[in-house]
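Okay, structure first, notes after.
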Amino acid sequence: MFVRKGKISNNLKHLGPQRVERLQHSKPLSRRHFLSHLIKVGVAGTAASFASPSTIGFQSVANPNNKTINSSITTRPNFIIILCDNLGYGDVGCFGSSLHRTPNIDRLAVEGMLFTDFYATSGVCTPSRASLMTGCYPRRINMHIGENGQPVLKPVSKKGLNPKETTIAEILKSKGYATACIGKWHLGDQLSFLPTRQGFDYYFGIPYSDDMTAQPNRNWPPLPLMENEKVIHAPANRNVLTKLYTEKAVEFIKANKNKPFFLYLPHAMPGSTRSPFASETFRGKSRNGPWGDSVEEIDFSTGRIIAALKHLGLENNTLVVWTSDNGAPRRNPLQGSNLPLAGWGYTTAEGGQRVPCVMWWPSKIPAGTTCSELCTTMDLLPTFAKLAGTSSPQDRIIDGHDIWPLASGRHNAKSPYKAFYYYYMEQLQAIRSGKWKLYLPLKAKLHILRRQTKPSSAELYDLTEDIGETRNLVAEYPDIVKHLLAIAKKARDDLGDMGRPGKNQRPAAFVDKPTPRLLKM
Ligand SMILES: [Ca+2]
């Protein structure tokens with residue numbers, strides 16, 4: 018039996034995280050049970066209020082047989098990516114939360130496709146975002162660690178995403194798209210690394226995480242809110258970031274209603290601070306403190322963007338992807354939820370890297386469906402490129418795949434991945450192939466923010482039967498372990514591991530003298 022995810026985190030708040038983790042993992046939960054749970058508490062629960070019964074058919078296969086949808090594309094569609102920061106798998110209603118009120122996101126799932134096995138490539142921000150933007154593993158493009166080996170880029174960093182890499186924005190711009198990045202960039206704060214130099218016509222937001230504020234012993238500037246390449250406010254008022262981003266996003270959509278556009282909206286929230294921010298309308302209103310307030314404001318923001326699309330008649334020509342950059346980090350007392358997945362953000366546990374994802378395009382994506390095939394944020398670049406009538410860069414390795422066959426509900430479409438690699442910073446820690454996930458045996462496994470390392474032995478999980486990674490099957494399936502270890506060797510040769518370089522890595526970029534982004538009066 019399965020307890021409602023939201024209720025677990027709510028009712029057990031008084032327990033420490035370890036205690037709750039044990040409870041979380043006390044019983045194996047199969048994907049079948051998880052899906053039937055979603056029908057009960059999530060999607061079907063909200064469906065009644067938003068859609069007619071005939072449009073509701075939450076199915077466990079990608080292709081609903083009661084739909085006739087023409088998935089061929091004749092005009093260049095608009096693309097919107099709404100990317101949350103550190104929002105967990107179990108933090109929204111359509112993925113089972115009964116704690117947070119997220120009717121607008123739930124409605125996207127009712128009207129679109131919910132992805133249960135969608136992955137970010139890292140448990141932390143910078144590497145995850147680098148993958149989304151380029152379609153490559155972080156180690157492929159050397160964005161897996163910061164300038165001095167930290168998990169993410171810090172302010173005034175010499176390092177950034179190499180301008181020679183091709184971003185989604187550059188691909189779409191070359192096809193005549195208007196492009197905007199509104200929100201948290203975190204791929205380099207030097208001028209030569211900003212979104213405006215990586216294919217975006219317009220940038221509005223904070224160039225890195227909102228917890229990276231001015232501090233006495235560091236050269237970090239007051240938190241800069243930027244428009245294009247200029248700081249327009251510092252320190253930024255974090256309470257109103259979600260509200261401002263939403264207003265700017267709606268403005269951008271309206272201004273470009275007559276031409277194809279790409280809007281990348283990486284929210285700052287719930288983010289990395291101990292106490293996430295929300296505007297006055299939402300502050301103190303949720304049942305889960307500042308974390309819940311910020312999630313409910315993102316939900317409201319999502320609703321406003323969808324309403325703008327509908328108002329302008331753009332809903333049948335716009336693909337919206339709603340997801341998160343990594344799982345919710347462990348906090349005491351608990352804040353976000355990754356349930357029913359095991360573990361926390363900043364790790365290679367399922368809860369660290371498997372993220373909620375919904376894709377919505379009313380005329381092309383069958384409503385009320387779910388996809389349980391393995392896909393990743395790296396797939397957005399090849400998929401968007403294809404839909405825009407072009408292709409991924411052909412002169413280099415791109416790790417992502419065109420997943421339009423899955424998203425459009427094509428009969429029998431399968432995951433394009435033979436294997437998926439879980440790296441934490443520079444270390445390969447796990448491999449997934451099909452339903453199997455192997456944690457590699459490691460003499461010194463890197464842990465959260467590298468505060469410690471410790472030896473860890475091999476663990477094998479069947480994610481279809483045991484979504485919460487509770488039963489280690491290493492002893493039962495030696496052949497599977499052997500197969501996955503062989504895949505790990507391939508990954509190490511290709512992308513490297515710890516200090517050992519891979520043969521197909523490409524360099525990040527560096528500047529000699531980094532400068533802070535300062536407000537100039
Ligand atoms: Ca993050």
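Quick note, the sequence shown lines up with residues 18 to 538 if you use my numbering.
Where a beta carbon is used, it is the ideal one built from N, C-alpha and C, also for glycine.
Keep in mind that this is a model prediction, so the values were computed, not measured.
Q. Of all the alpha helix (DSSP H) runs that stay within the bounds of the segment 459-495, which reach a length of 4 or more residues?
A. none
Q: State the Cα-Cα distance for the pair S191 and A147, rounded to the nearest angstrom.
A: 20 angstroms
Q: Ignoring anything shorter than 4 residues or poking outside the segment 240-314, list the alpha helix (DSSP H) runs there in chain order.
A: 258-272
Q. Would the segment 360-379 and the segment 114-131 be scored as touching if the rule is three or more Cβ pairs under 8 angstroms?
A. yes
Q | For F135 and L336, believed in contact at Cβ under 8 angstroms, the rounded distance | A | Actually they are not in contact, since the Cβ atoms of L336 and F135 sit about 15 angstroms apart, beyond 8 angstroms.
**Q.** Runs of alpha helix (DSSP H) wholly within the segment 173-250 (minimum 4 residues, chain order)
**A.** 185-190
Q: Can you grab the Cα-Cα spacing for the pair E493 / K247, in whole Å?
A: 59 angstroms
**Q.** Sequence-distant residues of the same chain with beta carbon closer than 7 angstroms to W361, five excluded per side
**A.** G344, A345, P346, R347, N355, G368, G369
Q. What residues sit near ligand 1, counting only those whose C-beta is closer than 5 angstroms to one of its heavy atoms, in chain order?
A. D102, N103, C142, D342, N343
Q) Taking the C-alpha atoms as reference points, what is the distance between L125 and D102? A) 19 angstroms
(Q) Residues in the same chain with beta-carbon distance under 7 angstroms from G33, minus the five sequence neighbours each way, listed in chain order, please. (A) With a pLDDT of only 33 at G33, under 50, the local geometry of the prediction cannot be trusted, and the value read off the model is given with reservation. Cβ neighbours of G33 beyond the five flanking positions: N349.
(Q) Using 8 angstroms as the threshold, is the C-beta distance between K274 and L329 below it? (A) yes
Q: Just tell me which of L100, V173, S139 has its CA closest to the CA of N159.
A: S139
Q | For L356, three-class secondary structure by DSSP | A | coil
Q | Spatial neighbours of Q35 in its chain, beta-carbon cut-off 8 angstroms, leaving aside the 5 residues before and after | A | Its pLDDT being 33, under 50, Q35 is placed unreliably in this model, and the value from its coordinates should be taken loosely. Once the five neighbours on either side are set aside, Q35 has no close Cβ partner at all.
Q) Is I98 buried or exposed, if buried means 16 or more other CB atoms sit within 10 Å of its CB? A) buried
(Q) Could you tell me the alpha carbon to alpha carbon distance between P399 and F299, rounded to whole angstroms? (A) 37 angstroms
Q: Decide yes or no for the touch test of the segment 160-170 against the segment 235-252: beta carbon pairs closer than 8 angstroms, at least 3 of them.
A: no
Q) Start and end of the alpha helix (DSSP H) containing A447? A) Run containing A447: none in the alpha helix (DSSP H); it sits in the beta strand (DSSP E), 444-450.
**Q.** Contact under 8 angstroms by Cβ, L535 with Q522
**A.** no
Q | Span of the alpha helix (DSSP H), counted from its first residue to its last, around S145 | A | 142-151
Q) Just the Cα atoms here: how many angstroms apart are E244 and Q232? A) 23 angstroms
Q: Within the same chain, show all residues whose beta-carbon is closer than 6 angstroms to that of Y219, passing over the 5 residues directly before and after it, in chain order.
A: A197
Q: Please work out which residues of its chain come closer than 8 angstroms, Cβ to Cβ, to H42, disregarding the five sequence neighbours upstream and downstream, and give them in chain order.
A: The predicted model places H42 with a pLDDT of 36, which falls under 50 and marks its position as unreliable, so this point remains unresolved.
**Q.** Counted within 10 angstroms of its Cβ, other Cβ atoms place A64 as buried (16 or more) or exposed
**A.** Interpretation of A64 is limited by its pLDDT of 35, a score under 50 that renders its predicted location unreliable; no figure is taken from the coordinates.
Q: Would you kindly work out how many angstroms separate the C-alpha atoms of L326 and E332, rounded to a whole number?
A: 5 angstroms
Q. Less than 8 angstroms separating the beta-carbons of L477 and Y441?
A. no
(Q) Can you give me the C-alpha to C-alpha distance between S450 and F437, rounded to a whole angstrom? (A) 6 angstroms
(Q) Between which two residues does the alpha helix (DSSP H) holding Q112 run? (A) As written in the sequence, residue 112 is Phe, which differs from the Gln given in the question. Element bounds for F112: n/a, residue is neither H nor E.
Q. Whose C-beta lies closer than 6 angstroms to the C-beta of D227 among residues of the same chain, with five residues either side of it excluded?
A. R255, A285, G288
**Q.** Range covered by the alpha helix (DSSP H) that runs through T400
**A.** 397-404
Q. In chain order, what residues of the same chain lie with their CB nearer than 8 angstroms to the CB of G516, ignoring the 5 residues before and after it?
A. E443
Q: Take P379 and list the residues in its own chain whose beta-carbon comes closer than 7 angstroms to its own, dropping the five residues that flank it on each side.
A: E128, E332, N333
Q) Is Q76 helix, strand or coil by DSSP? A) Bear in mind that a pLDDT of 33 at Q76, under 50, signals an unreliable position, so the number given afterwards is only what the model happens to contain. Here Q76 sits in strand by DSSP.
Q: Would you decide whether M538 is buried or exposed? Buried here means 16 or more other CB atoms lie within 10 Å of its CB.
A: exposed
(Q) With a threshold of 7 angstroms (Cβ to nearest heavy atom), would M160 be considered close to ligand 2? (A) Because ligand 2 does not appear in the structure shown, any question about it cannot be addressed here, the ligands present being ligand 1.
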